[in-house]
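>
Here it is as structure tokens:
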């Protein structure tokens with residue numbers, strides 16, 4: 001402990017539906033280092049999003065421990081937790097649902113700056129413009145409502161919000177799945193740039209192994225709330241050992257093409 | 001949006017009535033300056049006899065038309081103020097209950113039940129007779145019973161909104177729960193709550209009239225309910241004294257309902273529901 005940015009040990013969470021307990025996370029253990037991308041892959045219902053929500057303390061686990069930046073993350077409460085949230089951010093799958101339908105781009109980015117007292121009121125417009133430029137958007141977008149910008153722009157706004165508080169870890173919950181292919185590539189490039197310049201680590205949650213192979217350093221494959229295999233992203237995806245891993249690879253038709261492109 | 005709203009005939013009729021009413025209320029001090037409760041002519045002049053007093057005078061010789069105009073002010077003020085107060089209180093309580101959940105939700109909703117089981121008029125009657133009749137007390141008394149509907153609807157909306165991603169997003173950013181509740185959730189829960197406003201305004205006008213009829217209205221203000229009560233003693237000889245303010249009440253409540261109906265229908269058209 002202490003040498004990894006994030007260490008998760010035996011994390012468990014059960015949901016009760018219709019009298020039946022379903023394990024969404026079953027004794028999960030994994031770690032993420034600084035400036036590293038760990039992908040969490042798995043079929044639908046394998047508990048990927050539950051892990052994201054557990055890490056961000058949006059739901060509380062039944063058992064297990066999370067150490068983040070050397071602290072017992074699960075012991076933080078109230079104001080202490082809100083203050084430390086600055087260091088771990090999240091980008092949601094559906095960029096439309098992730099923003100208050102009434103909010104403007106400026107307000108979305110103003111919130112973290114105001115709440116975490118990163119900049120005084122007078123400096124915030126300049127900081128917002130700066131954030132927009134960092135994610136490749138025009139500062140003129142600030143006055144628009146989130147609904148008026150395109151899906152790709154919206155996801156860039158979500159990334160700008162996530163980096164506003166200078167986090168060390170961003171959880172990307174299917175963050176590029178809803179985007180079309182050309183936009184997706186640009187967003188992944190942006191994320192990779194931010195990782196290089198700011199040393200941000202990512203937990204990249206995706207069901208698309210082609211993307212995982214291209215973007216992540218390591219991959220952990222999740223099935224029914226359990227980790228079935230974990231290792232170097234290329235090694236695991238090129239030669240999966242678990243049955244779920246094999247099934248996922250088989251279900252990714254574009255993988256062969258991607259592999260071919262990589263080789264050339 | 002406005003054009004859509006005015007397309008339905010009931011919305012046009014309702015809006016016309018409300019505009020007329022508002023004009024009456026605003027023009028009252030200009031057209032009928034001075035105290036409308038002062039004596040203006042011989043007692044019990046029937047309507048359409050003396051053109052200085054078009055609707056005649058009451059038992060004490062007060063100008064009925066002046067009373068009618070000034071009464072419109074009271075009705076509108078009470079209706080709007082009571083609706084605003086009950087919507088505000090209801091929305092806040094409903095949001096707190098829905099967003100906090102657990103014990104707080106349980107406690108607030110049982111409180112809402114308690115208020116809802118007592119008939120609204122009885123509650124207002126009890127409140128005014130204890131605190132004493134004045135316009136603000138009447139408004140508070142009406143709001144006391146009318147906030148439960150908005151509270152229930154706000155809570156139901158909040159229960160579904162609080163599960164949405166943007167609320168999770170606000171938590172991730174580190175927003176305080178109270179700020180999330182009132183800045184992120186409440187504004188999005190408002191539209192169905194506001195749809196109740198016309199019903200509450202109409203009810204408030206009627207409750208105020210009923211309180212005034214029973215002599216529990218603000219004694220320093222002309223109210224239509226009070227005029228009906230005044231006319232009651234001479235109902236056989238001068239029925240117009242009760243009929244004129246009665247018609248004013250009916251038309252007003254009808255106008256509020258029609259406009260409200262039109263607004264709801266306009267909103268439904270916008271959403272593609274009808």
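Protein chains in written order, with full-length UniProt numbering: chain A, 1 to 264; chain B, 1 to 274. Glycine included, every Cβ here is placed at the ideal spot set by N, Cα and C. In this text, all values refer to a predicted model and were calculated from it rather than measured experimentally.
Under the three-state reduction of DSSP, which class applies to residue 175/B: helix, strand or coil?
coil
> Could you spell out where the alpha helix (DSSP H) holding residue 50/B opens and where it closes?
First-last for residue 50/B: undefined, no H or E at that position.
> Among 111/A, 90/A, 95/A, 56/A, which one has its Cα closest to the Cα of residue 176/B?
111/A
> What does residue 195/A touch in chain B if you count any residue whose Cβ is under 8 Å from its own?
Those do not exist, as residue 195/A stays about 19 Å from chain B at its closest Cβ, beyond 8 Å.
> Measuring only the C-alpha atoms, how far is residue 56/B from residue 147/B?
About 40 Å.
> Show which residues of chain B have a CB atom less than 9 Å away from the CB atom of residue 71/A.
Within 9 Å Cβ-Cβ: nothing; residue 71/A doesn't reach chain B, min ~16 Å.
> So does the segment 80 to 91 of chain A actually touch the segment 148 to 165 of chain B, counting three or more Cβ pairs closer than 8 Å?
no
> Kindly identify the DSSP beta-bridge partner or partners of residue 72/A.
67/A
> Mind checking residue 241/A: buried by the 16 CB within 10 Å criterion, or exposed?
exposed
> Helix, strand or coil, according to DSSP, for residue 113/B in the structure here?
In the three-state DSSP reduction, residue 113/B falls in the helix class (H, G or I).
> With a cut-off of 8 Å on the beta carbons, I'd call residue 170/B and residue 184/B a contact; round off their distance for me.
5 Å
> What are the uninterrupted segments assigned as alpha helix (DSSP H) that are 4 or more residues long and contained completely in the segment 203 to 245 of chain A, given in chain order?
209 to 215, 233 to 238
> For residue 82/B, tell me which candidate among 251/B, 139/B, 26/B, 44/B has the shortest Cα-Cα distance.
Considering only alpha carbons, the answer is 139/B.
> Step through the CB atoms of chain B and report whether any lies within less than 8 Å of the CB of residue 100/A.
yes
> Does residue 122/B pass the burial test, meaning 16 or more other C-beta atoms within 10 Å, or should it be called exposed?
exposed
> So residue 248/A and residue 41/A are supposed to be a Cβ contact under 8 Å. How far apart are they, rounded?
6 Å
> Would DSSP call residue 197/B helix, strand or coil?
Looking at residue 197/B - three-state DSSP - the assignment turns out to be helix.
> My assumption, with CB atoms under 8 Å, is that residue 97/B sits in contact with residue 105/B. Please give the rounded CB distance.
4 Å
> Any heavy atom of the ligand COA closer than 7 Å to the CB of residue 129/B?
Although the ligand COA was asked about, the structure shown includes no ligands whatsoever.
> Within a Cβ cutoff of 7 Å, which residues of the same chain sit near residue 174/A, ignoring the five residues on either side of it in sequence?
93, 205, 206
> Please state whether DSSP places residue 9/A in a helix, a strand or coil.
Of the three classes helix, strand and coil, the one that applies to residue 9/A here is strand, per DSSP.
> Residues of chain A with CB under 7 Å from residue 163/B, in chain order?
Here the premise fails: no neighbours, minimum Cβ distance about 10 Å.
> Mind checking whether residue 5/A and residue 201/A have CB atoms under 8 Å apart?
yes
> Quick one: what's got a C-beta closer than 8 Å to residue 193/B's C-beta in the same chain, skipping five residues either side?
In its chain, beyond the 5 residues on either side, 87, 90, 91, 94, 150, 153, 154, 157 have a beta carbon closer than 8 Å to the beta carbon of residue 193/B.
> Does the structure place the segment 144 to 155 of chain A close enough to the segment 63 to 78 of chain A that three or more beta carbon pairs sit under 8 Å?
no
> Give the residues from the segment 16 to 33 of chain B that approach chain C closer than 7 Å (Cβ to any Cβ), ordered along the chain.
Among the protein chains of the structure shown, namely A and B, there is no chain C.
> In or out: residue 165/B buried (at least 16 other Cβ within 10 Å) or exposed?
buried
> From residue 235/B to residue 242/B, what distance separates their C-alpha atoms?
7 Å
> Which residue from 43/A, 9/A, 11/A, 210/A puts its Cα closest to that of residue 224/A?
43/A
> State the Cα-Cα distance for the pair residue 255/A and residue 213/A, rounded to the nearest angstrom.
With a pLDDT of 47 at residue 255/A, under the threshold of 50, the modelled position of this residue cannot be trusted; read the value that follows with caution. Distance between the alpha carbons of residue 255/A and residue 213/A: 9 Å.
> Determine the contact status of residue 145/B and residue 124/B, defining contact as a CB-CB distance below 8 Å.
For residue 145/B and residue 124/B, yes; Cβs fall inside 8 Å.
> Helix, strand or coil, according to DSSP, for residue 89/A in the structure here?
It is a strand residue.
> Quick one: grab the DSSP three-state call for residue 44/A.
coil
> Taking Cβ-Cβ distances shorter than 7 Å, what residues in chain A pair up with residue 187/B?
In chain order: 102.
> I'd like to check one pair, residue 18/B with residue 204/B: are the Cβ atoms closer than 8 Å?
no
> Just checking my contact of residue 222/A with residue 29/A at CB under 8 Å: how many whole Å lie between their CB atoms?
Contact flag wrong, Cβ pair sits at about 12 Å.
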